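So the structure is just underneath, and the comments pick up after that.
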Amino acid sequence: MLLEVKAPELYPGIEIELDKELRSMPVFRAALSRGEVDVQSFNHPWLRSYKDLAPDVPVGTLFGARPTEVQIAEAATWAQQVNPALGAIDEDTVDQVHLRGMEIHVWTVNSGQDMRRAAGWGVDGIITNYPQVLREVLRRG
47 MLLEVKAPEL YPGIEIELDK ELRSMPVFRA ALSRGEVDVQ SFNHPWLRSY
97 KDLAPDVPVG TLFGARPTEV QIAEAATWAQ QVNPALGAID EDTVDQVHLR
147 GMEIHVWTVN SGQDMRRAAG WGVDGIITNY PQVLREVLRR G
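Each residue of the sequence shown is one higher than the last, beginning at 47 in our numbering.
Rendered as C-alpha coordinates:
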(Lines of atoms letter the chains of each structure in order from A; the text may use other names.)
(Lines give C-alpha, C1' and ligand atoms only; values in the text may rest on other atoms or scores of the structure.)
Protein backbone atom coordinates (compact mmCIF):
# COMPACT_ATOMS: atom_id res chain seq x y z
CA MET A 47 0.00 0.00 0.00
CA LEU A 48 1.62 3.23 -1.17
CA LEU A 49 -0.38 6.23 -0.04
CA GLU A 50 0.45 9.64 -1.53
CA VAL A 51 -0.89 12.58 0.43
CA LYS A 52 -1.46 15.45 -2.00
CA ALA A 53 -1.52 19.09 -0.88
CA PRO A 54 -1.88 18.36 2.86
CA GLU A 55 -1.25 22.03 3.57
CA LEU A 56 -4.80 22.68 2.37
CA TYR A 57 -6.19 20.54 5.20
CA PRO A 58 -4.76 21.57 8.58
CA GLY A 59 -4.66 18.63 10.95
CA ILE A 60 -5.09 16.03 8.21
CA GLU A 61 -2.17 14.04 9.59
CA ILE A 62 -4.15 13.33 12.77
CA GLU A 63 -7.28 12.37 10.84
CA LEU A 64 -5.28 10.27 8.40
CA ASP A 65 -3.52 8.33 11.13
CA LYS A 66 -6.75 7.74 13.04
CA GLU A 67 -8.60 6.58 9.92
CA LEU A 68 -5.79 4.32 8.70
CA ARG A 69 -5.34 2.66 12.08
CA SER A 70 -9.07 1.93 12.22
CA MET A 71 -8.73 -0.24 9.09
CA PRO A 72 -7.68 -3.88 9.63
CA VAL A 73 -6.12 -4.02 6.15
CA PHE A 74 -3.84 -1.10 7.07
CA ARG A 75 -2.80 -2.61 10.38
CA ALA A 76 -2.06 -5.94 8.69
CA ALA A 77 -0.08 -4.29 5.89
CA LEU A 78 1.87 -2.21 8.40
CA SER A 79 2.78 -5.27 10.45
CA ARG A 80 4.09 -6.97 7.27
CA GLY A 81 6.08 -3.91 6.15
CA GLU A 82 3.78 -3.40 3.18
CA VAL A 83 2.68 0.19 3.69
CA ASP A 84 4.32 3.55 3.01
CA VAL A 85 3.11 7.14 3.06
CA GLN A 86 4.68 9.62 0.65
CA SER A 87 4.28 13.30 -0.21
CA PHE A 88 5.94 16.17 -2.01
CA ASN A 89 5.30 18.30 1.08
CA HIS A 90 8.32 17.29 3.14
CA PRO A 91 7.61 19.47 6.22
CA TRP A 92 4.13 17.96 6.44
CA LEU A 93 5.50 14.45 5.90
CA ARG A 94 7.98 14.97 8.71
CA SER A 95 5.12 16.05 11.00
CA TYR A 96 3.23 12.92 10.04
CA LYS A 97 6.34 10.83 10.77
CA ASP A 98 6.61 12.43 14.21
CA LEU A 99 2.96 11.50 14.85
CA ALA A 100 3.28 7.98 13.39
CA PRO A 101 6.92 6.89 13.80
CA ASP A 102 6.06 3.28 12.94
CA VAL A 103 4.84 4.18 9.44
CA PRO A 104 7.58 4.28 6.77
CA VAL A 105 7.58 7.50 4.74
CA GLY A 106 8.94 8.52 1.36
CA THR A 107 9.92 11.98 0.19
CA LEU A 108 8.69 12.64 -3.33
CA PHE A 109 10.84 14.71 -5.71
CA GLY A 110 9.91 16.05 -9.13
CA ALA A 111 13.49 17.22 -9.75
CA ARG A 112 16.79 15.53 -8.97
CA PRO A 113 17.31 15.51 -5.20
CA THR A 114 20.60 17.05 -4.14
CA GLU A 115 23.11 15.29 -1.88
CA VAL A 116 22.07 17.69 0.88
CA GLN A 117 18.38 16.84 0.44
CA ILE A 118 19.15 13.12 0.47
CA ALA A 119 21.28 13.47 3.60
CA GLU A 120 18.57 15.50 5.35
CA ALA A 121 15.85 13.03 4.39
CA ALA A 122 17.97 10.19 5.77
CA THR A 123 17.60 11.66 9.26
CA TRP A 124 13.87 10.88 9.35
CA ALA A 125 12.55 9.23 6.14
CA GLN A 126 12.92 5.70 4.83
CA GLN A 127 12.64 6.51 1.12
CA VAL A 128 13.55 9.06 -1.51
CA ASN A 129 11.07 8.75 -4.39
CA PRO A 130 11.99 10.87 -7.42
CA ALA A 131 10.73 10.99 -10.98
CA LEU A 132 12.77 8.54 -13.06
CA GLY A 133 13.56 11.21 -15.66
CA ALA A 134 15.14 13.45 -13.01
CA ILE A 135 17.80 11.01 -11.82
CA ASP A 136 20.58 8.70 -12.88
CA GLU A 137 22.32 5.68 -11.38
CA ASP A 138 24.48 7.94 -9.17
CA THR A 139 21.32 9.21 -7.42
CA VAL A 140 20.28 5.62 -6.72
CA ASP A 141 23.71 4.92 -5.24
CA GLN A 142 23.60 8.08 -3.07
CA VAL A 143 20.22 7.09 -1.63
CA HIS A 144 21.39 3.55 -0.90
CA LEU A 145 24.59 4.83 0.74
CA ARG A 146 22.36 6.74 3.18
CA GLY A 147 20.53 3.52 4.05
CA MET A 148 17.27 4.42 2.35
CA GLU A 149 15.18 2.93 -0.42
CA ILE A 150 14.47 4.63 -3.72
CA HIS A 151 11.20 4.17 -5.60
CA VAL A 152 10.90 5.91 -8.99
CA TRP A 153 7.74 7.20 -10.64
CA THR A 154 5.86 7.14 -13.05
CA VAL A 155 7.60 4.54 -15.18
CA ASN A 156 5.35 3.27 -17.95
CA SER A 157 7.60 2.01 -20.76
CA GLY A 158 9.34 -1.34 -20.67
CA GLN A 159 12.62 0.30 -21.68
CA ASP A 160 12.48 2.72 -18.73
CA MET A 161 11.50 -0.13 -16.39
CA ARG A 162 14.56 -2.13 -17.48
CA ARG A 163 16.79 0.91 -17.00
CA ALA A 164 15.44 1.58 -13.48
CA ALA A 165 15.74 -2.08 -12.52
CA GLY A 166 19.30 -2.14 -13.88
CA TRP A 167 20.19 0.77 -11.62
CA GLY A 168 18.99 -1.21 -8.62
CA VAL A 169 15.98 0.86 -7.57
CA ASP A 170 13.89 -0.65 -4.78
CA GLY A 171 10.55 0.07 -6.38
CA ILE A 172 9.00 1.17 -9.65
CA ILE A 173 5.74 3.10 -9.57
CA THR A 174 3.80 2.51 -12.79
CA ASN A 175 0.37 2.65 -14.38
CA TYR A 176 1.15 -0.64 -16.11
CA PRO A 177 2.01 -3.30 -13.52
CA GLN A 178 1.44 -6.06 -16.07
CA VAL A 179 4.26 -4.62 -18.23
CA LEU A 180 6.54 -4.34 -15.20
CA ARG A 181 5.76 -7.91 -14.18
CA GLU A 182 6.77 -9.12 -17.67
CA VAL A 183 9.95 -7.00 -17.70
CA LEU A 184 11.00 -8.40 -14.31
CA ARG A 185 10.08 -11.94 -15.31
CA ARG A 186 12.31 -11.75 -18.37
CA GLY A 187 15.12 -10.29 -16.26
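Virtual Cβ for every residue (Gly too), placed ideally from N, Cα, C. Quick caveat: nothing in here was measured; it's all calculated off a predicted structure.
Rounded separation between residue 105 and residue 151 - CA only: 11 Å
For residue 83 and residue 61, the rounded distance between their alpha carbons: 16 Å
Euclidean distance between Cα positions of residue 187 and residue 180: 10 Å
Beta-carbon contacts of residue 183 that lie in its chain and below 8 Å, excluding the five residues immediately before and after: 158, 161, 162 and 165
Interface flag, residue 184 vs chain C, CB-CB below 8 Å: Of the protein chains in the structure, only one exists, and it is not chain C.
Cutoff 6 Å; reference residue 129; Cβ partners in own chain excluding five residues on either side: 86, 106, 108 and 151
Residue 154 classed as buried or exposed, judged by whether at least 16 other C-beta atoms fall within 10 angstroms: exposed
Three-state class that DSSP yields for residue 153 in the structure shown: strand
C-alpha gap between residue 170 and residue 156, whole angstroms: 16 Å
7 Å Cβ shell around residue 75 - same chain, five flanking residues per side excluded: 69
Whether residue 167 touches residue 140 by CB criterion (8 Å): yes
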